[in-house]
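S.K.: Structure incoming, see below.
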Amino acid sequence: MERTRIAGPAELAELQRIEVASGEAFREIGMTDVADMPPLPLDVLARGQEAGQVWVAVDAEDRPVAFAVVDLVDGCAHVQQLSVDPAYARRRIGRGLLDHVAGWAAERGVPAVTLTTFLSVPWNGPYYARCGFRELAPTELTPGLVEILAAETAIGLDPVDRVAMRRAAG
180 MERTRIAGPA
190 ELAELQRIEV
200 ASGEAFREIG
210 MTDVADMPPL
220 PLDVLARGQE
230 AGQVWVAVDA
240 EDRPVAFAVV
250 DLVDGCAHVQ
260 QLSVDPAYAR
270 RRIGRGLLDH
280 VAGWAAERGV
290 PAVTLTTFLS
300 VPWNGPYYAR
310 CGFRELAPTE
320 LTPGLVEILA
330 AETAIGLDPV
340 DRVAMRRAAG
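Residue 182 in this note's numbering sits at position 3 of the sequence shown; the count goes up by one each step and never skips.
Set out below in structure tokens:
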């Protein structure tokens, strides 16, 4: 059984490796531009880690096998990145990290967890819906989410297939 803890500073390069490895699944469905995107920069991971907002799921030897990076956006815990090493996929590890983030948010009085994702990719939008997230209508988007979606469009992600989703904390 994996456990969740705050990432250590020496683990950040490993998190980049996990993110790149998990992105390879996009290549298999023809989304090579997404698969080729670089991982979160080390300075971004370091800021999140120093703030206590980068969690890892670890194996029996305490090695990271998945991670979540969270920012606060418009008063909600926003999942900036969630990646699971493909060797550990389909074991509910990602769901465990999302549940951990939701609990962390609730403990701090944060009302919800948000994220942006691909609507049509099975392990994105449909997966997050199974984890309790719901797609936000355009009228429900907060200014921060609008900004995130615009930034994603600017780096080449298809705005037609990108959505923001929300789940209650707790």
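No residue lacks a Cβ here, since even glycine has one placed at the ideal position from N, Cα and C.
(1) Measuring alpha carbon to alpha carbon, tell me which of Glu193, Ala347, Ile327 and Met216 ends up nearest Glu203.
(2) What does the alpha-carbon distance come out to for the pair Glu193 and Asp250?
(3) Can you list the beta strand (DSSP E) stretches of 3 or more residues lying completely in the region 215 to 252, in chain order?
(4) Measuring CB to CB, does Arg269 end up less than 8 Å from Trp234?
(5) According to DSSP, simplified to helix, strand and coil, what is Arg196?
(6) Starting from Val258, follow its DSSP beta bridges and name the residues at the other end.
(7) DSSP on Ile272, reduced to helix/strand/coil?
(8) Would you check if there are 3 or more beta carbon pairs closer than 8 Å linking the region 320 to 328 to the region 273 to 291?
(9) Check whether the Cβ atoms of Leu276 and Ala245 sit closer than 8 Å, and answer yes or no.
(10) Under 8 Å between the Cβ atoms of Val292 and Val280?
(11) Along the alpha helix (DSSP H) that carries Ala333, what are the first and last residues, could you check?
(12) Which first and last residues belong to the beta strand (DSSP E) in which Ala343 is found?
(13) Measuring alpha carbon to alpha carbon, tell me which residue in Glu190, Ile197, Glu198 and Glu207 is nearest Gln228.
(14) I'd like to check one pair, Gly254 with Gly349: are the Cβ atoms closer than 8 Å?
M.R.: Taking the geometry as given:
(1) One-based indexing of the sequence shown puts residue 203 at position 24. It is Met216 whose Cα lies nearest to the Cα of Glu203.
(2) Here the question's residue 193 lines up with position 14 in the sequence shown. Here the question's residue 250 lines up with position 71 in the sequence shown. CA-to-CA, the gap between Glu193 and Asp250 works out to about 20 Å.
(3) 233 to 237 and 243 to 252
(4) Your numbering for residue 269 matches position 90 in the sequence shown. Your numbering for residue 234 matches position 55 in the sequence shown. No, the Cβ-Cβ distance between Arg269 and Trp234 is not below 8 Å.
(5) Counting from one through the sequence shown, the residue named residue 196 turns up at place 17. Annotated three-state conformation of Arg196 is helix, per DSSP.
(6) Counted from its first residue, the sequence shown places residue 258 at position 79. In the DSSP output, where bridge partners are listed per residue, Val258 has Val249 and Leu294.
(7) Here residue 272 corresponds to residue number 93 of the sequence shown, with the count starting at 1. Of the three classes helix, strand and coil, the one that applies to Ile272 here is helix, per DSSP.
(8) no
(9) Mapped onto the sequence shown, residue 276 falls at position 97. Mapped onto the sequence shown, residue 245 falls at position 66. The answer is yes: Cβ separation under 8 Å.
(10) Here residue 292 is taken as the residue at index 113 of the sequence shown, counted from 1. Here residue 280 is taken as the residue at index 101 of the sequence shown, counted from 1. Contact flag set, yes.
(11) On the sequence shown, position 154 is the one that residue 333 refers to. Per DSSP, Ala333 belongs to the alpha helix (DSSP H) from Pro322 to Ala333.
(12) Start at 1 with the first residue of the sequence shown, and residue 343 comes out as number 164. Counting along the chain, the beta strand (DSSP E) containing Ala343 begins and ends at Arg341 to Ala347.
(13) As a position in the sequence shown, residue 228 is number 49, starting the count at 1. Here the closest residue by C-alpha is Glu190.
(14) In the sequence shown, the residue the question calls residue 349 occupies position 170. In the sequence shown, the residue the question calls residue 254 occupies position 75. Contact flag unset, no.
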